[in-house]
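Enquirer: Before anything else, here's the structure in question.
Chains as they are written, first to last, in the working numbering: chain R, 1 to 623; chain C, 624 to 785; chain X, 786 to 1022.
Quick look at the structure:
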């Protein structure tokens, strides 16, 4: 068992690994991220395994299951090296042909290539795919080359070089200066300058200091941290160890939400391997510095992602936030100075140490340096994880990277920052994305969720959805947050069910105000954003619901009216069978008889929409 | 769950009070819920009063104080799935199985849960049954998807239709 | 002693004290519900909000758990504070309509209507009952359960509170009187926790004076002789 006790031994080990990997060696990589998992990548992996077993034993053709590539819409994704041919939507049946044609003969299979939706042009390599062109995959980029369970893969791409540099060529104060100069701001939602936090923690007078990685990722629709931890856990570990050295901490925790079993597994494996190699634990790389990491599992509570609530959970208490009259960098976990940062923030640290703050500072805007990973989802063609330099516009993200809105529908808004964020309308689509700009317009960066909405999305319904989430997830301590979110949800429900009153908009604004101003933590503090931002930019939609009892986007069911168009009805009777309330009657068409159009009895209709979904002739009209 | 099984779990975490969450998670994983007797025994062994343990057990979504069904039907209600119509999937299952989120069918075959993001946003709306994912769901597809997990051929539902 | 200012008035507090205590001692009224000097401050009701200016930054914060700090300026009646308090008392009245204390506090602030759906008078989730039970009495009979809008104060498992010694501390601590204690014959019941205990009869005067279960707990803890509580407290003196 190799145990590296100096930077020289680390480099020697790295050289050994690289010498065994020839640059033109044939290699098949299959994306093993969660998105591809759902599209069936395991069957593809198994198919490759059996083909290799049968036909290429000992041939030196490698198969690697890698971390998430980000283009989740097109999974399963397979890349054939060394040609770097990029295949998308691969099925197990395609595997024998891929092996025969591409792996053995270098021939490209046209049908599996990415095809540009507008020009029809086919693209062979990953870099040419429009989805990737405007991205800058500084943090996520390595996911596609490494098997997250193999530390050697991480070492092969230069991993732990930054750690050696930090431990042996830099002093803790220098590291902190560099991180401050780079202006790395927290990627978890707060956007607080990491370097400043580290400095305050370092200066807190106590022998014992704790370091925490917040992997609770609770924003619905956000899965960046998940993909980083599942796909490249060592990038996060390396960042944490460097941070620990800078702050003077010897004990760290990674707090992973319990809904991420694969992340828990891969981080656990990573920690184990790093320990074995001497990159974690006692006397790291022979530097004399000790630091070890424990994994803590979340219990399933969004509020536990708040830093003081998270610390309370690690201590064995309920995840209720506490007042931060004294900051956690001075008195946090077990009342000791504690530095907490998000997964993506930690993953940025090795990059800053390797490339330097000046290099890092050239990417992004004045106030927001570096890149940000967003989960681009919702009503957009190319859903997936995108990593872009700060300052790129929403338009570029939604259209150039995202490929625009499917089915030719109109872009309506983009929601950023999860339940703490707000909706940005299409009039602001040229907004450059950075921390301060997003906050200025009433939203926020948050952890990176970016939900695209089209004309068929109802903004009142979106506000109601977020209030439902927040009233459920609030810890419930503060009257203003618990009752505020509950009553906002109540009012929004009244509006969406046709009982809205003109004074409701003012009531929502007042409730929103007190929830923000009077609550203890950021959950309550930002809870009003989805409501207030939708009222600000989509007031007329609220008024339509309240004054005209209409939902223009045709989402709020109680305001919908289902009708069968007699001219289009073929009397097949499918709708009547599907109706749970037996509300549809008519005479079914039989072989020799014409039948009569079916009719929905409005008083029995519960607006479930089953008839609309079942009808194959578009005969059901929704108003 | 026997007392010695419980004590093994407690020892796994060094008999520390602060490990209460991890201990409860291991019990939940094994028993598929948190039996009252197990919680009382854990409280005794660790010196934690039962009122605190009950508070922790009811605060977090990972825990269930009632035995769960054979099949866990999980509908993703993440924002991305929501804008693609996930709520209709929940409503359709409510009609088909006659239970609400958090509840279990009378025959203990199905438990319905909603989750705030499975991380499979590209395939939304997503339904997961016993960890198996079904993407691009619609209310029309619900019946067919549930079929292979049903305990018998007859449809069970609130409306009594066969 | 740490000097600071409240509403332009110079005050001082001991190290470790909080704004609210110092204010009340100095005769400055700040409305509060979940504060009780016998237990640690919690900060749940949010009524005691004040604005605090320190080192050039002004924040709205609860005064019950904000430590006294040198040089800070506290404002208990600013525009923002009064507006927040009015909304909060309205939200509290929505949870507990018809309660005399809440209505008086609301009237003081000029709030008479509740613009939301109202149910029956119920618990305001201030937590005083559980805090007193845990911190002062040590019986650990009740606690908060669940979270968000389903948060409630219950005995474990929602069943009878088997650790409750029916001392009545929670009944006294509750600001809106929703706990309730009833003595009927030889039984005492703490109504909200569905806890009924048989009472012990005094050998001398024959009155039922305290629950057996409670007396036994005291006796065990203080290692007293078996017949120690055969005589009630009145007859003993």
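Cβ atoms here follow ideal geometry from the backbone N, Cα and C, with glycine treated the same way.
Using 8 Å as the Cβ pair cut-off and three pairs as the minimum, do the segment 295–306 of chain R and the segment 250–269 of chain R touch?
Expert: yes
Enquirer: For residue 1027 of chain X, which residues in chain C fall below 9 Å Cβ to Cβ?
Expert: In the structure as shown, chain X begins at 786 and stops at 1022. Residue 1027 of chain X is therefore absent and cannot be evaluated.
Enquirer: In whole angstroms, give me the CA-to-CA distance for residue 202 of chain R and residue 164 of chain R.
Expert: 20 Å
Enquirer: Throw me the rounded Cβ distance for the residue 626 of chain R and residue 140 of chain R pair, which I believe falls under 8 Å.
Expert: The question about residue 626 of chain R has no answer here: the residues shown for chain R are numbered 1 through 623.
Enquirer: Pull out every residue of the segment 907–931 of chain X whose Cβ sits closer than 7 Å to any Cβ of chain C, in chain order.
Expert: 925, 926, 927, 928, 929, 930, 931
Enquirer: Can you list the alpha helix (DSSP H) stretches of 4 or more residues lying completely in the segment 132–175 of chain R, in chain order?
Expert: 151–156, 161–169
Enquirer: Using the three-state DSSP reduction, which class does residue 260 of chain R fall into: helix, strand or coil?
Expert: coil
Enquirer: At the level of alpha carbons, what is the spacing between residue 239 of chain R and residue 346 of chain R?
Expert: Roughly 5 Å separates the two Cα atoms.
Enquirer: Excluding the 5 residues preceding and the 5 following residue 206 of chain R in the sequence, name in chain order all residues of the same chain whose CB lies nearer than 7 Å to its CB.
Expert: 336, 337
Enquirer: Under the assumption that residue 524 of chain R contacts residue 478 of chain R (Cβ atoms under 8 Å), give the Cβ distance between them as a whole number of angstroms.
Expert: Right, the Cβ-Cβ distance comes to about 6 Å (below 8 Å), so this counts as a contact.
Enquirer: Does DSSP classify residue 999 of chain X as helix, strand or coil?
Expert: DSSP places residue 999 of chain X in helix when its eight states are reduced to three.
Enquirer: Hey, which unbroken runs of the alpha helix (DSSP H) at 4 residues or more fall wholly within the segment 680–737 of chain C?
Expert: Those alpha helix (DSSP H) runs which fall completely within the segment 680–737 of chain C and span 4+ residues are 702–706, 709–720.
Enquirer: For the pair the segment 638–655 of chain C and the segment 611–621 of chain R, tell me if three or more CB-CB distances fall below 8 Å.
Expert: As far as the Cβ criterion goes, the segment 638–655 of chain C does not touch the segment 611–621 of chain R, which means the pair count is below three.
Enquirer: Quick check on residue 747 of chain C: buried or exposed, where buried means 16 or more other Cβ atoms within 10 Å of its Cβ?
Expert: buried
Enquirer: On the premise that residue 408 of chain R lies in contact with residue 382 of chain R, defined as a C-beta separation below 8 Å, what is that separation, rounded to the nearest angstrom?
Expert: Actually they do not touch by this definition, with Cβ atoms about 16 Å apart.
Enquirer: What is the DSSP secondary structure of residue 648 of chain C, reduced to helix, strand or coil?
Expert: helix
Enquirer: Do residue 636 of chain C and residue 689 of chain C count as a contact pair if the criterion is CB distance below 8 Å?
Expert: no
Enquirer: Residues of chain C with CB closer than 8 Å to the CB of residue 415 of chain R, please, in chain order.
Expert: 702
Enquirer: Anything in chain R within Cβ reach of residue 705 of chain C, meaning under 7 Å, just list it in chain order.
Expert: Contact note: residue 705 of chain C reaches chain R through 465, using a C-beta cutoff of 7 Å and chain order.
Enquirer: Can you tell me whether residue 2 of chain R is buried or exposed, with buried defined as 16 or more other CB within 10 angstroms of its CB?
Expert: exposed
Enquirer: Just the Cα atoms here: how many angstroms apart are residue 778 of chain C and residue 719 of chain C?
Expert: Residue placement at residue 778 of chain C cannot be trusted, given a pLDDT of 49 that sits under 50; what the coordinates show is reported in the next sentence. Going by the C-alpha atoms only, they are around 8 Å apart.
Enquirer: In terms of alpha-carbon separation, which member of C/724, C/753, C/675, C/628 lies closest to residue 928 of chain X?
Expert: The residue with the shortest Cα to Cα distance from residue 928 of chain X is C/675.
Enquirer: Less than 8 Å between the C-beta atoms of residue 562 of chain R and residue 620 of chain R, yes or no?
Expert: yes
Enquirer: If residue 233 of chain R sits next to residue 267 of chain R, beta carbons under 8 Å apart, how far is it from one beta carbon to the other, in whole angstroms?
Expert: 5 Å
Enquirer: Measuring straight from C-alpha to C-alpha, what distance separates residue 951 of chain X and residue 1003 of chain X?
Expert: Approximately 12 Å, taken between the alpha carbons.
Enquirer: Does any residue of chain R have a CB that is nearer than 8 Å to the CB of residue 852 of chain X?
Expert: yes
Enquirer: To the nearest angstrom, how far is it from the Cα of residue 572 of chain R to the Cα of residue 602 of chain R?
Expert: 20 Å
Enquirer: Can you tell me whether residue 595 of chain R is helix, strand or coil according to DSSP?
Expert: coil
Enquirer: Would you kindly report the start and end of the unbroken beta strand (DSSP E) that includes residue 752 of chain C?
Expert: Taken as a continuous stretch (DSSP letters only), the beta strand (DSSP E) holding residue 752 of chain C covers 750–752.
Enquirer: With a cut-off of 8 Å, does the C-beta of residue 674 of chain C fall near any C-beta of chain X?
Expert: yes
Enquirer: Secondary structure at residue 892 of chain X, three-state DSSP: helix, strand or coil?
Expert: Residue 892 of chain X falls in the helix class under three-state DSSP.
Enquirer: In chain X, which residues lie with their C-beta within 8 Å of the C-beta of residue 659 of chain C?
Expert: 942
Enquirer: Is it the case that the Cβ atoms of residue 313 of chain R and residue 328 of chain R are separated by a distance below 8 Å?
Expert: no
Enquirer: Helix, strand or coil, according to DSSP, for residue 623 of chain R in the structure here?
Expert: DSSP places residue 623 of chain R in the coil class of the three-state scheme, outside both helix and strand.
Enquirer: Looking only at its own chain, which residues have a Cβ that is under 7 Å from the Cβ of residue 804 of chain X, when we skip the five neighbours before and after it?
Expert: 835, 848, 851, 853, 859
Enquirer: The alpha helix (DSSP H) that contains residue 437 of chain R, what's its start and end?
Expert: 435–440
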